[in-house]
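Asker:
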Amino acid sequence: MILLSSIRDRLIVLHLIAVLAVCVALPLALYWRVDATARALHERALREQAEQIAGYLHRLPDKRWSLDLPEQLRQLYSVSYDRYGFAIVRRSGEALFSTYQHDQPLFGNDPHSNRPSYFEPNEGQARLFGASVPVTVAGETLWIQISQDQAHRDVLIDDIVAEFLPHTAWVIIPILLALVCVDLMIFGQALQPLMRASALAQLIGPTRTDLRLPEGRMPREAAPLVRAINEALDRLERGFITQREFLADAAHELRTPLAILRAEAESLHNREAASALIADIEGMTRIINQLIDIAESDSLTVKEDDRADIQAICTDVAAFLAPIAVAQGKCIAVSGVTEPVCVHGKSSALFQAIRNLVENAITYTAPATTVEIVIDADGTVVVSDEGPGVSPDQREAIFQRFWRGDRGRANGAGLGLAIVSRIVKAHGGHIEVRNARTNGAVFAVRLPPIAVAPGD
Amino acid sequence: MRLLLVDDNERLSRLISASLAKAGFETDVFATAAEAAAAVESLLYSAVILDLGLPDQDGLALLKRLRASGNALPILILTARGGIEDRVRGLDAGADDYLVKPFAQEELIARLRAMLRRPGGLLGGALELGTLRLDTVSRQVTLGENPQFFSPREIAVLEILLRRSGRVVPKKVVEDHLFGLSGNLQSNAVEVYVHRLRKQLAEAGADVAIHTVRGVGYLVAQVS
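From first to last, the protein sequence lines are chains B and Z. With the first letter of the first sequence counted as 1, position 294 gets the number 1219 in my numbering; the numbers rise by one all the way through. With the first letter of the second sequence counted as 1, position 174 gets the number 676 in my numbering; the numbers rise by one all the way through.
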């Protein structure tokens, strides 16, 4: 049973064992019952025959007994017919009348029994079946014994019994197999809430801490487990939220001291030292912004009805970052579709993703070159730079947090592309990087198309 | 010109006041929303720099209260909350501008000036960037001491760019601004004006340049 880890399998195996046992026991029980019934019918028939004979038995005034059987009965009990025999026996064991003329009882019966008794003696080759029935005629108790050759028992009853096992009993097996099939469906039905709950549980992770298993339609036996799991998930979610809030709060808290530091640095008289300090502060500011982005992207959940205009987002990012690019002697350009492009997603998160992607491109593109953002009508965004590109063996690694390659390190944290990847994944999209034919890296963000709801 | 700075961080407030003083602004500093509200009622300020995380009340609540009472004072939010939603919430609540900590003092001053120069603002007169100066009343452009001659539409383009110097002005905004001035506008009109402005500024050896962010808009910035 340990090998069967599935409740369904266990139920099926146990059920099959039970069905097999029923397959054996039920025909046996039925056979036994049918046989007993057939026997009772025989006994009754013999008893009635005995009583019939008793009806023709009289005591004459001279105390002698007379048996005046009609011709039909005499034929039935004749030796030549050789099927039935009878004897009328007194308490003393002396036979008054007998088929066989030798004044012997057919079988020795208990002279004190007032109830019919039955016998199954062997006589020569023939198996006999007999009954001894006490009757009272003219104040004296006599035993009328009837015997029947087993070979000539009532054909109909015997056939039913004989045919029962090989023919009728087999009907039970397909019925039971059908029962097993129906039960399989019932098990499936009964386990469906559990299966649905497990499918849902598959989705629960750091990004979907809000999901809970449905308790409503759960079987009563499984409900306590499901409730306990949901409560555990509640506690985990609180822990997750606390952690995320801590990260975001800590990062926010650092912004004010950094602002003080920057103001102090800007008021220094040594311009050279000041600009070096300010560059460092800007690096730290970037890391803090990215930590906040990470905390936000970790808690990001894209709802079914979230819609964003990716064209507007790209334009906003370009406008947001152009001053930084211009300050470094670089440029940004947006091309492709100029009309709004609606995608399934969260504007603020997609803005963070595209911003980080473009910031990364600005960092790596050569001076006096342009970072191109191209928007496709299907919502795909391609960001290309004219920098050193990404070598094929690093194309997976650059999306890892705190990746320490050349590309990730320049801005300190190496968080930017991890944030992009995280946000794109939360949207069910994917990001890929390749190198341009000439030089530079090309990042493509593909978002899943909006499923058109019926009636839209 | 008197500014009100509402921030509960004493050191940062002192540093900001010092650099604002260098730029010619006098600054009153208060650490709580209650004190700030009382100050706004009793004194005439040119603009307010408002931190959102105040000890007694959220800065946004103070902002909403001021706007609800009909106060049109230019207000710049200076905060550690940098999310897009925070920005939108701040601007929706009636802030004129939004700056996230840490920031460059220069940027704070530039934004304050831009805010005060907005139509109806207190710095009506001139827009300046580097040695470039545009008198918004007389419509005169000078580079240092030398007057520069531009058509009224070119000056209109330069004005809207200078009002938001250091930031990208969407092409649509420039077009709408020009459309408001005249009737119809050719599709490439803005490009033509920008091209002429750029050419003349370069020939005159200006220390400012107009950058094109293709597909988005234009940006005027000082050449470093």
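Think of the CB as a built atom: it goes at the ideal place given N, C-alpha and C, for glycine as much as any other residue.
1) Got a sec, what are the start and stop residues for the alpha helix (DSSP H) D588/Z sits in?
2) Closer than 9 Å between beta carbons: that is the criterion. Which residues of the region 668 to 683 of chain Z meet it against chain B?
3) My output table needs one value for R728/Z: the three-state DSSP class, helix, strand or coil.
4) Chain Z beta carbons: is any one of them nearer than 8 Å to that of V1227/B?
5) Which runs of the beta strand (DSSP E) fall wholly inside the region 557 to 582 of chain Z and span at least 3 residues, in chain order?
6) Would you check if the distance between the CB atom of I657/Z and the CB atom of H679/Z is smaller than 8 Å?
7) Taking 8 Å as the CB-CB limit, is F1276/B close to chain Z?
8) Give the residues from the region 687 to 706 of chain Z that approach chain B closer than 8 Å (Cβ to any Cβ), ordered along the chain.
9) Can you give me the start and stop residues for the alpha helix (DSSP H) that A691/Z sits inside?
10) Return the CA-CA distance between T581/Z and D599/Z, expressed in angstroms with no decimal places.
11) Below 7 Å on C-beta distance, what does A1184/B contact in chain Z?
12) Measuring only between beta-carbons, confirm whether R1187/B sits less than 8 Å from chain Z.
13) Would you decide whether P1379/B is buried or exposed? Buried here means 16 or more other CB atoms lie within 10 Å of its CB.
14) According to DSSP, simplified to helix, strand and coil, what is R1334/B?
15) Drop a sphere of 10 angstroms on the beta-carbon of D1218/B, count the other beta-carbons inside from all chains shown, and report buried for 16 or more, exposed for fewer.
16) Express the C-alpha separation of R1142/B and R1180/B in angstroms, rounding to a whole number.
17) Using C-beta distances below 7 Å, list every residue in its chain close to L936/B, excluding the 5 sequence neighbours before and after it, in chain order.
18) For P1149/B, list the residues DSSP reports as bridge partners.
19) Could one say the Cβ of N573/Z lies closer than 8 Å to chain B's Cβ atoms, at least one of them?
20) List, in order along the chain, the chain Z residues whose C-beta lies closer than 8 Å to that of H1177/B?
21) Taking only three categories from DSSP, how would you classify R620/Z?
22) Go through the region 1249 to 1335 of chain B residue by residue and report every complete run of the alpha helix (DSSP H) that reaches 4 residues or more, in order.
23) Count the other CB atoms, across all protein chains shown, that sit within 10 Å of the CB of V676/Z; report buried if there are 16 or more and exposed otherwise.
24) Suppose you measure from the CA of G668/Z to the CA of A1244/B; what does that come to, to the nearest Å?
25) What three-state label does DSSP hand E1045/B in the structure shown?
26) Please identify, using Cβ separations under 7 Å, the residues of the region 1298 to 1310 of chain B that lie next to chain Z, in order along the chain.
27) By the 10 Å Cβ neighbour count, where 16 or more other Cβ atoms means buried, how is F651/Z classified, buried or exposed?
28) Please classify V1306/B: is it buried, with 16 or more other beta-carbons within 10 angstroms of its beta-carbon, or exposed?
29) Using a Cβ-Cβ cutoff of less than 6 Å, which residues in the same chain neighbour R1334/B once the five nearest sequence positions on both sides are dropped?
30) My understanding is that I577/Z touches L565/Z, with C-beta atoms under 8 Å, so please give their C-beta distance in whole angstroms.
31) Buried or exposed: where does K974/B fall if 16 or more other Cβ atoms within 10 Å of its Cβ makes it buried?
32) Identify the contact partners of I611/Z in chain B, using a Cβ-Cβ distance below 7 Å as the criterion.
33) Using a Cβ-Cβ cut-off of 7 Å (strictly less than) and excluding sequence neighbours within five positions of S991/B, which residues of its own chain qualify?
34) Do I1348/B and L1225/B come within 8 Å of each other at the CB atom, strictly closer than that value?
35) Alpha carbon to alpha carbon, how far is R1163/B from L593/Z?
36) So, helix, strand or coil for S1072/B, using DSSP?
Answerer: Let me lay it out:
1) On the second sequence, position 86 is the one that residue 588/Z refers to. Here the alpha helix (DSSP H) through D588/Z covers 586 to 594.
2) G668, R669, V670, V671, P672
3) Because chain Z is modelled from 503 through 726, residue 728/Z falls outside the range shown and cannot be assessed.
4) Stepping through the first sequence from its first residue, residue 1227/B is reached at position 302. Not an interface residue.
5) 577 to 581
6) For the purposes of this step, residue 657/Z is identified with residue 155 of the second sequence, where counting begins at 1. For the purposes of this step, residue 679/Z is identified with residue 177 of the second sequence, where counting begins at 1. No. Outside cutoff.
7) What you label residue 1276/B is simply residue 351 of the first sequence in a count that begins at 1. Yes, because at least one Cβ of chain Z sits closer than 8 Å to the Cβ of F1276/B.
8) none
9) Within the second sequence, the letter at position 189 stands for residue 691/Z. Taken as a continuous stretch (DSSP letters only), the alpha helix (DSSP H) holding A691/Z covers 691 to 705.
10) In the second sequence, counting from the first residue as 1, residue 581/Z sits at position 79. In the second sequence, counting from the first residue as 1, residue 599/Z sits at position 97. Rounded to whole angstroms, T581/Z to D599/Z spans 11 Å at the Cα level.
11) In the first sequence, residue 1184/B corresponds to position 259, counting from 1. Near A1184/B (Cβ distances below 7 Å), the residues of chain Z are L514, K603, P604, F605.
12) Looking up residue 1187/B in the first sequence gives position 262. So yes, R1187/B belongs to the interface.
13) Along the first sequence, read from residue 1 onward, the residue named residue 1379/B stands at position 454. Residue placement at P1379/B is flagged as unreliable, the pLDDT there being 44, under the threshold of 50; the coordinate-derived value follows with that caveat. When all chains shown are included, P1379/B counts as exposed.
14) If you number the first sequence from 1, residue 1334/B lands on position 409. For R1334/B, the predicted model reports a pLDDT of 46, less than 50, meaning its position is unreliable; a value from the coordinates is still stated below. In this structure, R1334/B counts as helix in the three-state DSSP scheme.
15) Translated into positions along the first sequence, residue 1218/B becomes position 293. Answer is buried; the Cβ neighbour count reaches 16.
16) To locate residue 1180/B, count along the first sequence from 1; it is residue 255. To locate residue 1142/B, count along the first sequence from 1; it is residue 217. Roughly 49 Å between the two C-alpha positions.
17) Position 11 of the first sequence, counting from 1, holds the residue named residue 936/B. Here the set comprises F1112.
18) For this step, residue 1149/B is matched to residue 224 along the first sequence. Answer by DSSP bridge pairing: none, since P1149/B is not bridged.
19) The residue given as residue 573/Z occupies position 71 in the second sequence. Not an interface residue.
20) Taking the first residue of the first sequence as position 1, residue 1177/B is located at position 252. Chain Z residues near H1177/B: A582, R583.
21) Indexing the second sequence from 1 puts residue 620/Z at position 118. Residue state, collapsed to three classes: coil.
22) 1272 to 1289, 1331 to 1334
23) Within the second sequence, numbered from 1, the residue matching residue 676/Z stands at position 174. So V676/Z counts as buried.
24) Here residue 668/Z refers to the residue found at position 166 of the second sequence. Here residue 1244/B refers to the residue found at position 319 of the first sequence. Straight-line Cα distance between these residues: approximately 10 Å.
25) Counting from 1 along the first sequence, the entry for residue 1045/B is found at position 120. Coil.
26) none
27) Position 149 of the second sequence, counting from 1, holds the residue named residue 651/Z. Exposed.
28) Your numbering for residue 1306/B matches position 381 in the first sequence. Under this definition V1306/B is a buried residue.
29) Taking the first sequence and counting its residues from 1, the one referred to as residue 1334/B is at position 409. Residue placement at R1334/B is flagged as unreliable, the pLDDT there being 46, under the threshold of 50; the coordinate-derived value follows with that caveat. Taken in chain order, the list of residues that qualify is empty.
30) Residue mapping note: residue 577/Z aligns to position 75 of the second sequence, counting from 1. Residue mapping note: residue 565/Z aligns to position 63 of the second sequence, counting from 1. Their Cβ separation, rounded to whole angstroms, is 6 Å, which keeps I577/Z and L565/Z in contact under 8 Å.
31) As a first step, residue 974/B is located in the first sequence; it is residue number 49 there, counting from the start. A quick correction: the sequence has Gln, not Lys, at residue 974/B. The residue is buried, with at least 16 neighbouring Cβ atoms inside 10 Å.
32) Residue 611/Z sits at position 109 when you count from the first residue of the second sequence. The premise fails here: I611/Z is roughly 11 Å from chain B at the closest Cβ pair, so nothing lies under 7 Å.
33) To locate residue 991/B, count along the first sequence from 1; it is residue 66. Counting only Cβ-Cβ distances below 7 Å, and skipping sequence neighbours, we find H983, L985.
34) Position 300 of the first sequence, counted from the start, is the residue given in the question as residue 1225/B. Position 423 of the first sequence, counted from the start, is the residue given in the question as residue 1348/B. In contact: L1225/B and I1348/B (Cβ atoms closer than 8 Å).
35) In the first sequence, the residue the question calls residue 1163/B occupies position 238. In the second sequence, the residue the question calls residue 593/Z occupies position 91. Distance between the alpha carbons of R1163/B and L593/Z: 32 Å.
36) Here residue 1072/B refers to the residue found at position 147 of the first sequence. S1072/B: strand per DSSP, three-state reduction.
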